[in-house]
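Numbering (our numbering), first residue to last: 56 to 1172.
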């Protein structure tokens, strides 16, 4: 190539990728609209792949639309795809791309999707959606749908919703349309539909909250009855600030589905509620969240919110949550502690007394705890020291902290476990309490711990925590006291941050002697803004001293801990570059990663470290940067040797890059290909190394011919590596032709996978012809993959080809099953339904129908497909029928109306034993969804009257009816729609005393705690069924029922139920009241009304009730 193109290529050949692209863009803009550009493009388009890519880039930048469009029909599918992306970027008319859609390979279609997503191209997307749907089905159309106009989305979404792969993208662009769609569907939605609708709307919950928070909250208020609404956590703070009362009601919903809402944003926003509401919300929080929530509450409100929980009646002093207690203001904390000490089990229990005494004023706590740290056993002292530290820290008085540190001088002569517990608590003292006056004592504590002969690894780590605390406190003080310095250096005359940093550095030196580094990980999240500058200034003398001794641990720890904030410290960055020449290899590896982390300086740093040691190219970070960005350094890698620390002079280094080859100039691609070939043919390389070289060779552009010799390698591993590499070839048609020769040999499994990769670059019109060798292969694996590719890639003649294959008389069962599963792509053709009908008659193949899930099909096809599943369930093959029955619930919404009758027949047919359980599950699932009691009444009636006696069977009808009633209970308990079936079933069973236990269980399953009058009436109605041993059965079942729900049910909801039950004179009802009151007292504390109700029951006229009530205690002894 000569002329302008040659000159341009010569200029950019040895530039880095950013510089090359900048130069090409400048030249394209300079020549835009000139004849010189046309001449240049003619020259480049007539050359190789690399040159054509540059030409396409220049044409795009210069706006040469005609030149870009001319490449859309390039015989190179990869290049044609790039041209398609460029045309979309230039805003090409829909009329240009639309007619080409049916011929687009799958990889080209993916480029279309990405091109549409990259900008606002609604007009083009609207025009492409119909041909995409016609040629490639709903899945392809659904990929285009988010980029269409709102009118098109609103019209097409009802039909394409099942196939939408990215609801977040759809919500981001068309959240209003999505709201309209899900709200329309929600009008008559059941539990299953709500799960689906909620997922669709909240896939991009941020967009929904920004668009209309009131609408989102209203939808959530409906959804919370059916499923958890945890998806709102990403925007719950915004929603709470908008309407705290609505979010509060979601959290308190009786279903408990709102209890998963939590997080700092929610808690901060909830502070607008009244103290009473906030206290109720606090008590609903899981115990592990209460501490985090209370920390966000202003101190003057904390006692009203947490105090009642800490001091509720019936709480033993040892059960009090002292972490909550520590968050109260000191006066209220002391008041609560004294109240708990005054209770039984408080002051008279030494361990509990010490814990609570640590929350009293210092003068009182010091007296008790000073004695406790002198106890004779190490375990007692290990408990006492942390209490002493907490008592001092709780006063928030630095002078008292200093007094406490003086008492800790005894730790010098303590045992290591005791010392470790004390130091751990000291390291947790709030940094704001630490002053310069504390430093000598803190340093002495650390030094004593490290110098002790029994110092453990864990104790040294605790000293590291203390050191980190001092460093961070020093950075805070420098900012607070000295502020920003004019010259950027700290004022050495001040006694704040500098003193803390110096102490921390001395402890760091002590830690180094114990082979422990300073853990600064995550430091960037804890330091105030700008504190990294002050911290580095304080550490700089130590860092420079370490650098002079070739010690880099502290510098690396600091860079890792500061993360991106280290980029603003030029001196630290220079140290990292120097560390790349450290003595230890492990240090160099860490340093290189840190030195190349900053995007602004990585190029400069890379040049510098390679000038010192070219062998650093052996490191992954260096290779990745060279391959994808610094291609101007590729020449360093092609020399015969790259001697240095990481590479020997005797070794020819062969880097294994991970991509970036499309941006390499041809000469570098050729050099790397020759290097890989020599490696793959080397007698000194192992088989695995040679195979890796061959696979890497396949990643290079234009490597097809170079891979062919390795197909005849004597090593199976190398041969299969070449076959795998051909699957990534940029000449897919030629690659498939070669791979097809291996679909019948021992390499078929590899060749078939490679063909599948190549086929994605083949036009659909050529798919059948291309993969014909797979369909005609004697290998089952090959034929199965061929069938799948035909359907998945939407070959126009896929249906007749598969149909012809099916009609082969000797076709293997597994190939037929693959054909059945592939029909899910082809069900818009009647021939595909004919194939399914044939499959349903073959027991060996029919099971493949069951692998197709409803969500893979559009709504209209689900009704027709459900009929297939129903036919299989009714078939004579019991194995297949059992599988079909087990899957029938997922097709319930689309099954015919007489399906329930069929299930009843299966359930009540006593001559068969393997089908009744799956039939029962499906029947109960149907009843739980629609609430129609008729099928269940019919099943119960038929089982009750069935009295057949069968050999080797024992009461088969009764066993089935018992199972039905046992499984019905959870359905009724968890689904409100199923509650109407309870009364008719009880009416059928009421006359038989043998079923009274099941009647009690069903009745209690149907109660709802939010309906106190109905609940009391239901329990009272059990009187006829509680004779004899069943007297206390309602009480026992109530404990099992409410035990898992009481945590999400407020006390005010349960108290009317308890009052109504306690007022009854009927023994079984009163016993149920005793059980409920016991649970409520344990959960909510023995405040009124629970003690009063218990007292009433202790005076009940029935002895059994009095006995049960007297076995419940409101205060532990």
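Glycine included, every Cβ here is placed at the ideal spot set by N, Cα and C.
Asked, Found
"Proximity winner among 766, 478 and 783, relative to residue 498 (alpha-carbon distances)", "478"
"Cβ contact (3+ pairs, closer than 8 Å) linking the region 957-968 and the region 991-1001", "yes"
"Which of helix, strand or coil DSSP assigns to residue 121", "helix"
"The region 92-109 touching the region 786-796, judged by at least three CB pairs closer than 8 Å", "no"
"Simplified DSSP assignment, three categories, for residue 1135", "helix"
"Where residue 909 falls: helix, strand or coil (DSSP)", "helix"
"Residue 81, buried or exposed, once every other Cβ within 10 Å from all chains shown has been counted against 16", "exposed"
"Residue 1007 (DSSP reduced to helix, strand or coil)", "coil"
"Through-space distance from residue 890 to residue 858, alpha-carbon basis", "7 Å"
"Among 878, 226 and 569, nearest to residue 906 - alpha-carbon criterion", "878"
"Buried or exposed (CB count within 10 angstroms, at least 16 for buried), residue 832", "buried"
"Residues of its chain near residue 842, where Cβ-Cβ distance is below 8 Å and the 5 sequence neighbours each way are ignored", "830, 857, 860, 870, 873, 874 and 877"
"Presumed contact (8 Å Cβ cut-off) between residue 556 and residue 505, rounded CB distance", "Contact doesn't hold; Cβ gap of about 19 Å is too wide."
"Runs of alpha helix (DSSP H) wholly within the region 66-140 (minimum 4 residues, chain order)", "72-86, 90-100, 104-117 and 120-124"
"Which of helix, strand or coil DSSP assigns to residue 1076", "coil"
"Assigned exposure category for residue 148 - 16 Cβ within 10 Å defines buried", "exposed"
"Cβ-Cβ distance between residue 947 and residue 897 below 8 Å", "no"
"Distance CB(residue 460)-CB(residue 410) smaller than 8 Å", "no"
"Among 439, 252 and 942, the one whose alpha carbon lies nearest that of residue 923", "942"
"Contact under 8 Å by Cβ, residue 554 with residue 494", "yes"
"The region 341-355 touching the region 1129-1148, judged by at least three CB pairs closer than 8 Å", "no"
"8 Å contact criterion, which residue 686 and residue 72 should meet: CB distance rounded", "6 Å"
"Cβ-based burial, residue 840 [other Cβ within 10 Å; buried from 16]", "buried"
"Neighbour-count burial assignment, residue 319, 16 or more Cβ in a 10 Å radius", "exposed"
"Contact set for residue 542: own chain, Cβ-Cβ below 8 Å, skip 5 residues either direction", "With a pLDDT of 39 at residue 542, under the threshold of 50, the modelled position of that residue is not reliable, and the figure given next carries that caveat. For residue 542, where only same-chain residues beyond five positions count, there are no Cβ hits under 8 Å."
"8 Å Cβ cutoff met for residue 399 and residue 1142", "no"
"Euclidean distance between Cα positions of residue 120 and residue 110", "12 Å"
"Contiguous alpha helix (DSSP H) assignments of at least 4 residues, all confined to the region 336-372", "342-351 and 354-366"
"Extent of the continuous alpha helix (DSSP H) to which residue 1161 belongs", "1158-1165"
"Residues of its chain near residue 754, where Cβ-Cβ distance is below 7 Å and the 5 sequence neighbours each way are ignored", "716 and 783"
"Beta-carbon proximity check, residue 600 vs residue 607, cutoff 8 Å", "no"
"Contact check, residue 880 vs residue 847, beta carbons under 8 Å", "yes"
"Rounded separation between residue 142 and residue 690 - CA only", "35 Å"
"Pick from 528, 462, 1018 and 572 that is closest to residue 487, judged by C-alpha positions", "528"
"Beta-carbon proximity list for residue 670, same chain, < 6 Å, skipping 5 on both sides", "697, 699, 700, 701 and 702"
"Presumed contact (8 Å Cβ cut-off) between residue 328 and residue 303, rounded CB distance", "6 Å"
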